[in-house]
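Residue numbers (the numbering used here): 6 to 634. Where a beta carbon is used, it is the ideal one built from N, C-alpha and C, also for glycine. For reference, the structure discussed in these notes is given below.
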């Protein structure tokens with residue numbers, strides 16, 4: 006938009022002249038005859054000056070608002086001044102709605118306010134949800150969002166955010182319909198149409214024009230520009246900001262993408278069908294039936310540090326190129342202002358669940374088809390904290406056969422340790438022979454470190470799926486358990502008088518308990534496993550026993566307490582299962598006897614084992630031949 010600049014003297018002069026004119030108008034109210042004469046004069050001046058008009062971007066900040074303060078609707082002087090500025094869009098009906106009044110649309114879950122100026126939503130409140138401070142959740146309020154249609158008309162670039170629409174409310178069955186029209190006449194206009202259904206966060210939204218041939222220049226680009234700054238809603242703004250991200254879908258419905266959640270990012274995309282300005286647990290979306298052929302998407306991270314009391318998380322933008330249809334514009338769309346809840350988003354059958362960070366590939370499938378339905382069922386009957394514990398128990402029991410295989414392999418390696426030590430002593434200095442004899446012993450005994458690792462690898466998809474599930478589980482939001490006030494945020498047992506980098510300014514108890522449980526579990530498993538398999542030349546992995554609990558203690562201090570609760574319970578159950586397997590299921594003496602019996606039986610090697618043995622024998626022969634030379 007072109008910016009008009011004045012020096013200070015000119016500005017003072019205009020203010021003085023304006024003041025004198027207002028004073029004169031106040032003292033000398035014009036007669037009807039004088040009004041008509043002035044109207045004829047203004048029309049003549051407009052016709053004489055119109056060829057010399059320059060292309061400008063028109064706003065009404067100092068136009069309609071001032072005139073309506075000075076004049077009454079229908080005043081000819083005001084109308085002619087407006088027409089000089091806006092051309093055909095200075096329809097006389099504009100004066101009647103040229104105020105910043107708003108129209109309210111609401112149902113039992115959502116309240117929206119739409120302003121006459123710009124015709125867009127200036128307030129969106131979720132009735133059933135509150136912030137961490139107990140206030141209502143607002144996705145739009147106090148000018149943090151705008152929706153603007155930019156187009157060319159009669160050698161002017163106009164922006165609807167600066168123009169005034171006429172509102173009209175009606176009913177369509179149970180739905181409330183608000184029509185906002187920017188008119189050039191009663192039959193020629195640009196229209197925004199909003200339709201809100203009972204109990205829905207999704208509202209119908211359409212944009213169309215009628216009778217504007219020759220007024221709106223459709224050969225010039227037309228843009229729908231949507232901008233928003235996301236409000237902070239959670240106790241930890243850095244944690245909330247980590248899951249606040251702009252996501253979008255392409256036309257085929259199979260491809261989805263997102264902008265970088267950190268720093269500043271921008272992408273120019275084609276054929277976009279929806280975009281989501283996600284704010285962790287809440288989403289603001291625009292969906293279109295006709296894909297936007299070109300969209301410029303922007304995201305700016307506004308959070309600098311957890312210590313700074315920041316109001317906003319991200320600043321989002323989407324500038325959509327509109328394509329004319331039948332000499333005008335016609336787009337059927339929808340808007341969504343509501344929770345980032347999988348169950349709610351899924352019911353619209355528009356792939357909106359892809360806007361949630363549930364993990365890719367198999368991880369996302371485990372979440373969508375196993376964990377989310379199971380947790381939804383449990384949380385429908387039980388308190389959220391108990392539902393997490395029951396979910397964890399069910400998952401651990403389902404994976405217990407895998408854990409049994411893992412522990413059995415570890416026990417076999419422990420039993421074989423004396424014989425492995427003898428092999429290393431017998432062939433000391435000959436690493437090739439040590440490896441060859443070790444593999445031979447493990448093969449006949451039916452034990453190897455690999456057999457212990459494979460069961461652990463099979464559990465990784467489930468563990469990672471749960472890691473992505475808990476931070477996005479809307480059902481945990483503002484649900485308390487024991488000392489945790491909100492399972493979707495960190496639990497606090499002590500406030501610190503200072504801030505520790507990465508750790509924060511508070512102490513959370515669930516991460517401490519989870520760290521202790523992880524340490525005990527790793528002592529029981531990795532300790533004996535490393536002792537049994539440690540060979541010369543291999544790196545010492547013992548530090549992992551201390552690294553993992555430390556990582557949990559530090560970095561999970563600001564994570565959702567529901568996730569830390571899961572890890573704590575999960576490791577407690579794992580320790581319990583291991584103790585049961587060790588003391589009541591597996592007998593070390595029986596396993597040792599079975600290994601010795603297997604060693605006496607001829608062991609048939611598979612193709613891979615035969616090939617490995619041959620390669621090792623050849624390497625041994627080459628090494629011996631080199632020594633003889």
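Is it buried or exposed for residue i, if we count other Cβ within 10 angstroms and need 16 for buried?
| i | result |
| --- | --- |
| residue 415 | buried |
| residue 491 | buried |
| residue 265 | exposed |
| residue 31 | Its pLDDT being 44, under 50, residue 31 is placed unreliably by the model, and nothing is read from it. |
| residue 570 | buried |
| residue 122 | buried |
| residue 484 | buried |
| residue 238 | buried |
| residue 505 | exposed |
| residue 124 | buried |
| residue 598 | exposed |
| residue 185 | buried |
| residue 374 | exposed |
| residue 273 | exposed |
| residue 528 | exposed |
| residue 155 | buried |
| residue 443 | buried |
What number of angstroms, rounded off, separates the C-alpha of residue i from the C-alpha of residue j?
| i | j | result |
| --- | --- | --- |
| residue 370 | residue 408 | 22 Å |
| residue 551 | residue 228 | 56 Å |
| residue 2 | residue 441 | As displayed, the chain neither begins before 6 nor continues past 634, which places residue 2 out of reach and without an answer. |
| residue 434 | residue 425 | 15 Å |
| residue 153 | residue 329 | 17 Å |
| residue 380 | residue 353 | 21 Å |
| residue 519 | residue 562 | 11 Å |
| residue 145 | residue 201 | 17 Å |
| residue 285 | residue 578 | 31 Å |
| residue 280 | residue 208 | 15 Å |
| residue 558 | residue 585 | 28 Å |
| residue 400 | residue 390 | 16 Å |
| residue 392 | residue 486 | 11 Å |
| residue 511 | residue 359 | 34 Å |
| residue 351 | residue 361 | 11 Å |
| residue 225 | residue 161 | 11 Å |
| residue 33 | residue 323 | Bear in mind that the predicted position of residue 33 carries a pLDDT of just 45, short of 50, making it unreliable; the figure below should be weighed with that in mind. Using only the alpha carbons, I get a separation of about 50 Å. |
| residue 114 | residue 205 | 7 Å |
| residue 420 | residue 346 | 51 Å |
| residue 212 | residue 477 | 33 Å |
| residue 662 | residue 111 | With the chain covering only 6 through 634, there is no way to say anything about residue 662. |
| residue 658 | residue 411 | Because the chain is modelled from 6 through 634, residue 658 falls outside the range shown and cannot be assessed. |
| residue 463 | residue 203 | 46 Å |
| residue 398 | residue 251 | 35 Å |
| residue 188 | residue 382 | 52 Å |
| residue 222 | residue 333 | 9 Å |
| residue 278 | residue 387 | 38 Å |
| residue 167 | residue 576 | 59 Å |
Going by alpha carbons, who is nearest to residue i out of the options?
| i | options | result |
| --- | --- | --- |
| residue 150 | 252, 256, 258, 319 | 319 |
| residue 230 | 583, 297, 518 | 297 |
| residue 268 | 495, 310, 132, 464 | 310 |
| residue 497 | 505, 106, 513, 506 | 513 |
| residue 413 | 143, 595, 428 | 595 |
| residue 182 | 410, 174, 188 | 174 |
| residue 395 | 384, 405, 323 | 384 |
| residue 142 | 422, 288, 388 | 288 |
| residue 169 | 282, 120, 342, 276 | 120 |
| residue 343 | 283, 402, 327 | 283 |
| residue 377 | 215, 405, 348 | 348 |
| residue 108 | 417, 165, 198, 163 | 198 |
| residue 553 | 470, 516, 335 | 516 |
| residue 194 | 180, 176, 216, 334 | 216 |
Since I believe residue j is in contact with residue i (beta carbons under 8 Å), could you give me their beta-carbon distance rounded to a whole number of angstroms?
| i | j | result |
| --- | --- | --- |
| residue 364 | residue 372 | 6 Å |
| residue 236 | residue 316 | 7 Å |
| residue 293 | residue 340 | Contact doesn't hold; Cβ gap of about 10 Å is too wide. |
| residue 580 | residue 499 | About 27 Å separates the two Cβ atoms, so there is no contact after all. |
| residue 368 | residue 466 | 6 Å |
| residue 481 | residue 472 | Going by Cβ atoms, the distance from residue 481 to residue 472 rounds to 14 Å, so no, they are not a contact pair. |
| residue 126 | residue 132 | That belief does not hold up - the Cβ atoms of residue 126 and residue 132 are roughly 15 Å apart, past 8 Å. |
| residue 403 | residue 494 | Contact doesn't hold; Cβ gap of about 29 Å is too wide. |
| residue 326 | residue 336 | 11 Å between Cβ atoms; not a contact. |
- Task: Could you pull out every unbroken beta strand (DSSP E) segment of at least 3 residues lying fully inside the segment 191-241, listed in chain order?
- Result: 193-201, 207-215, 227-236
- Task: Starting from the N-terminal side, write out each stretch of the beta strand (DSSP E) that is 3 residues or longer and does not extend beyond the segment 239-280.
- Result: 251-255, 261-263, 269-274
- Task: Give, in chain order, every unbroken run of the beta strand (DSSP E) that is at least 3 residues long and sits entirely within the segment 292-345.
- Result: 300-306, 317-327, 335-344
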